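Numbering (UniProt numbering), first residue to last: 1 to 182.
Below you can see the structure in the form of structure tokens.
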């Protein structure tokens, strides 16, 4: 008995709406360099490996940090001679600048959504630091536990731009209410 072939759902079809010339030009286009030190040291008429070598960088990491073969492990003298023949890069400052750039830790930008911010302000205004009462409040739509609410409020207090804005508005309201009383 012969086996019946499954008919594939996708049949290779030619896409007439795709402009092949545009695709080819896009593939051939040189990518833009984002890194400032590399962009400044790049020489347009040199290729990628030559540019990277002059900067002291590696174009192919697999060649630079390759796994040694057993033959090289048995005779380490041949490998040492290869390491000593390396030349210093012409533009070694590029690698140093990249290392310094990588050492900088990016500043985290935390932000709370508007509803979460309003929730925190409402809870702080109404209950202060009583997180158990906050958990029982009808505005606790997501039924957060007291510890979850405490974490959200601590996050709110850790964000200087939102918490300081809240304190400023609270201070202005208090001053306005004192002026009305006097």
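Every residue gets a Cβ at the ideal spot worked out from N, C-alpha and C, and that includes glycine.
This structure is a prediction, so every number in the text was calculated from the model and none was measured.
In the three-state reduction of the DSSP assignment, residue 57 falls in the coil class. Going by beta carbons, residue 49 and residue 59 fall inside the 8 Å limit. Annotation: the region 83-160 contains the following complete segments of the alpha helix (DSSP H) (minimum length 4 residues), in chain order: 93-103, 114-127, 131-136 and 146-158. Residue 57 counts as buried, since no fewer than 16 other beta carbons sit within 10 angstroms of its beta carbon.
155 is the residue among 155, 27 and 164 whose C-alpha sits nearest the C-alpha of residue 113. Counting the other Cβ atoms within 10 Å of the Cβ of residue 16 gives fewer than 16, which makes it exposed.
The beta carbon of residue 134 sits closer than 6 Å to those of 123, 127 and 149, all from its chain and outside the five residues before and after it, given in chain order. The continuous alpha helix (DSSP H) containing residue 70 extends over residues 70-74. If you draw a straight line from the Cα of residue 177 to the Cα of residue 144, it comes to about 33 Å. By the neighbour-count criterion, in which a residue is buried when 16 or more other Cβ atoms sit within 10 angstroms of its Cβ, residue 163 is buried. Cα atoms of residue 168 and residue 129: separation of roughly 20 Å, rounded to the nearest angstrom.
At the C-beta level, residue 89 and residue 53 come within 8 Å of one another.
Put simply, of 174, 121, 139 and 175 the residue whose alpha carbon is nearest the alpha carbon of residue 157 is 121.
Annotated as proximal: residue 37 and residue 94, with beta-carbon spacing under 8 Å.
Under the three-state reduction of DSSP output, residue 24 falls in the helix class.
For residue 177, the three-state secondary structure derived from DSSP is helix. Here residue 116 is not near residue 70, since their CB atoms are 8 Å or more apart.
By the 16-neighbour rule on beta-carbons within 10 angstroms, residue 173 is exposed. When rounded, the separation of the alpha-carbon atoms in residue 182 and residue 109 is 43 Å.
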